[in-house]
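Quick notes on the structure that follows.
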Amino acid sequence: MAPLFERFSATRRWTPSRFRALLRTSGPQSVQFRTRTAILAGAILVGIVATLFAEASDWAGDVFGRYARAAHWWPLLTTPLTFMLLVWLTRRFAPLARGSGIPQVIAAQANPNEATATLISVRTVAAKAALTIGAVLGGASVGREGPTVQLAAAVMGITHRIMRVPLRGGVLIAGGAAGVAAAFNTPLAGLLFAIEELASAYEQRVTLLVLAAIVIAGMVAQSVQGDYIYFGAIGAHMPLSSALFVVPVAGILGGMSGGLFSRLLLAMATGRNRVTRWARARPVWFAGICGGIVALLGVFTGLTWGTGYSAARAMIVGVDAPLWFGPVKLAATAATAIAGLPGGIFAPSLAVGAGVGNLLREVFPDEPASAVVILGMVAYFVGVVRAPLTAVIILSETTASRGLMLPMFATAFIADFASQWICREKLYHGLAQTFGMTDRAPAH
Numbered sequence: 001m002a003p004l005f006e007r008f009s010a011t012r013r014w015t016p017s018r019f020r021a022l023l024r025t026s027g028p029q030s031v032q033f034r035t036r037t038a039i040l041a042g043a044i045l046v047g048i049v050a051t052l053f054a055e056a057s058d059w060a061g062d063v064f065g066r067y068a069r070a071a072h073w074w075p076l077l078t079t080p081l082t083f084m085l086l087v088w089l090t091r092r093f094a095p096l097a098r099g100s101g102i103p104q105v106i107a108a109q110a111n112p113n114e115a116t117a118t119l120i121s122v123r124t125v126a127a128k129a130a131l132t133i134g135a136v137l138g139g140a141s142v143g144r145e146g147p148t149v150q151l152a153a154a155v156m157g158i159t160h161r162i163m164r165v166p167l168r169g170g171v172l173i174a175g176g177a178a179g180v181a182a183a184f185n186t187p188l189a190g191l192l193f194a195i196e197e198l199a200s201a202y203e204q205r206v207t208l209l210v211l212a213a214i215v216i217a218g219m220v221a222q223s224v225q226g227d228y229i230y231f232g233a234i235g236a237h238m239p240l241s242s243a244l245f246v247v248p249v250a251g252i253l254g255g256m257s258g259g260l261f262s263r264l265l266l267a268m269a270t271g272r273n274r275v276t277r278w279a280r281a282r283p284v285w286f287a288g289i290c291g292g293i294v295a296l297l298g299v300f301t302g303l304t305w306g307t308g309y310s311a312a313r314a315m316i317v318g319v320d321a322p323l324w325f326g327p328v329k330l331a332a333t334a335a336t337a338i339a340g341l342p343g344g345i346f347a348p349s350l351a352v353g354a355g356v357g358n359l360l361r362e363v364f365p366d367e368p369a370s371a372v373v374i375l376g377m378v379a380y381f382v383g384v385v386r387a388p389l390t391a392v393i394i395l396s397e398t399t400a401s402r403g404l405m406l407p408m409f410a411t412a413f414i415a416d417f418a419s420q421w422i423c424r425e426k427l428y429h430g431l432a433q434t435f436g437m438t439d440r441a442p443a444h
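Quick note on numbering: the sequence shown equals residues 1 to 444 in our numbering.
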């Protein structure tokens, strides 16, 4: 036994050559170590960047809110002019910054390293952040979550370039999902968004480092912003006997409404008809028309400016709201989205969904108001982005309504099916096709 033990021990002895080999494969200069460092450092930076961007967006929204109250009629002039200016700046200096930001990250997965010079370059995302803040300052119906995804993917690209390691598509998914987690303070929703929406298929491999990036970014954002719940601790619930009636109606109405919104956006982005040809030939004037629509709706309702967060939260907690809010907010968000300026649709879609839920309260007046509104939000959000698992987890985490999980899941799957009646193609994947990797440099 002793000779056998000695031979075994000898094979495990740390010789200089063995130590050098270990350094080559796992030491600070190894590709493995540098890759892990790039991902983890990127995750920390994503949390910081997402927090700063959120603070800037909220500040811009407050500034415009005070302006709109103090100078009630002036947005009829300034909002269309802002739309025209932003579209001109976007097309002139950063054409790849237009729109949400999520389609760019999806398109970037085809060639991640090349995308660091185009779709997720420093120039593109810097313009994206500045122009999105400008859109909020102008009263556009935009959110910051989609741009945060593009910003987060760019941060991952920067850390990989600094550490001199190749960038993989899976890391872009991690960065984008970490952005969602940091934006909403919902790490689990970020993970599901990575699997369900950013990845091309459910079998996309999500490594331990990807999970770590999402969790770390969420923790960093939470440490800076505090442990908060996006819409507040609502804790909504609904009896099963009530859910059997509310869920199908909410799923069908919300899903079809969201599908209609997606179909309109895809038709304007990829369609070939008289309207789209005119819009592409005169993009700045078209943006002015869209801005005029947003301004008219905002001035005469006072509720459709910006993300719609305040209105959505009011409806969730049971405050009575006008029945027209949902359709009018949908129109304002659609006009903003097809105008061609940078900005996301996540938060405005949640607000429209709250409006859908508000309509359902009239149909089911005896049911818990908060639960009905949340089901409307789930249904419409799924109808737009076609990501049922993400929608359920986002709403459960942002409202602390885990007791409503089963009705939310049922609503989400019905809405996903109903949305396909109106729009077969998934919105973000359809829009990603307009961001081919042949778009290399800004047009001058």
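For every residue, glycine included, the Cβ atom is placed at its ideal position computed from N, Cα and C.
Roughly how many angstroms lie between the CA atoms of residue i and residue j, to the nearest whole one?
i	j	result
Pro147	Leu167	20 Å
Lys329	Val352	6 Å
Phe245	Pro283	45 Å
Ile293	Thr79	9 Å
Pro112	Ala387	23 Å
Ala153	Ile48	14 Å
Ala236	Val249	18 Å
Met256	Ala43	36 Å
Gly343	Arg92	17 Å
Ser121	Tyr428	20 Å
Pro513	Ala418	Since the first and last residues shown for the chain are 1 and 444, residue 513 lies out of range.
Leu76	Gly138	11 Å
Val171	Val46	12 Å
Trp73	Ile102	34 Å
Leu406	Glu367	16 Å
Met219	Arg272	45 Å
In terms of DSSP beta bridges, what is residue i paired with?
i	result
Gly99	Pro342
What is the DSSP secondary structure of residue i, counted as helix, strand or coil?
i	result
Gly175	helix
Gly308	coil
Gly458	The requested residue 458 is not part of the displayed model; the chain covers only 1 to 444.
Gly157	helix
Ala129	helix
Phe64	helix
Ile234	coil
Arg424	coil
Ser121	coil
Pro365	coil
Trp448	This structure leaves residue 448 out entirely; the chain is present only between 1 and 444.
Pro322	coil
Arg239	With the sequence shown as reference, residue 239 is identified as Pro, and Arg is not the correct amino acid for it. Here Pro239 sits in coil by DSSP.
Val445	The structure shown has nothing for residue 445, since the chain only spans 1 to 444.
Leu266	helix
Gly430	helix
Arg386	coil
Gly255	helix
Phe435	coil
Apply the 10 Å Cβ neighbour rule to residue i and answer buried if 16 or more other Cβ atoms are within range, or exposed otherwise.
i	result
Ala305	This sequence places Trp at residue 305; Ala is not what is there. When all chains shown are included, Trp305 counts as buried.
Asp416	buried
Gly259	buried
Ser401	buried
Leu431	buried
Gln32	exposed
Phe184	buried
Ala71	exposed
Gly169	buried
Thr270	exposed
Phe300	exposed
Leu240	exposed
Ser396	buried
Ala332	buried
Leu323	exposed
Gly179	buried
To which residues of the same chain is residue i closer than 7 Å at the C-beta, ignoring the five residues directly before and after it?
i	result
Leu96	Gln104, Thr118, Leu119, Thr124, Phe435 and Asp439
Thr37	Met163
Thr390	Ala189, Leu192, Phe193, Glu196 and Glu197
Glu203	With a pLDDT of only 40 at Glu203, under the threshold of 50, the placement of this residue in the model should not be trusted; the figure read from the coordinates follows. The answer is none, since no qualifying residue turns up.
Thr116	Gly157, Arg161 and Leu167
Phe325	Leu303, Ala311, Gly355 and Asn358
Ala314	Ala321
Phe346	Gly143, Glu145 and Gly146
Val63	Leu137
Give me, in chain order, the residues of the same chain whose beta-carbon lies closer than 6 Å to that of residue i; leave out the 5 immediate sequence neighbours on both sides.
i	result
Ala410	Val247
Gly403	His237
Excluding the five sequence neighbours on either side, which residues of its own chain have a C-beta within less than 8 Å of the C-beta of residue i, listed in chain order?
i	result
Leu265	Ala334, Ala337, Ile338, Leu427 and Leu431
Leu296	Leu76
Met1	With a pLDDT of only 49 at Met1, under the threshold of 50, the placement of this residue in the model should not be trusted, and no figure is reported.
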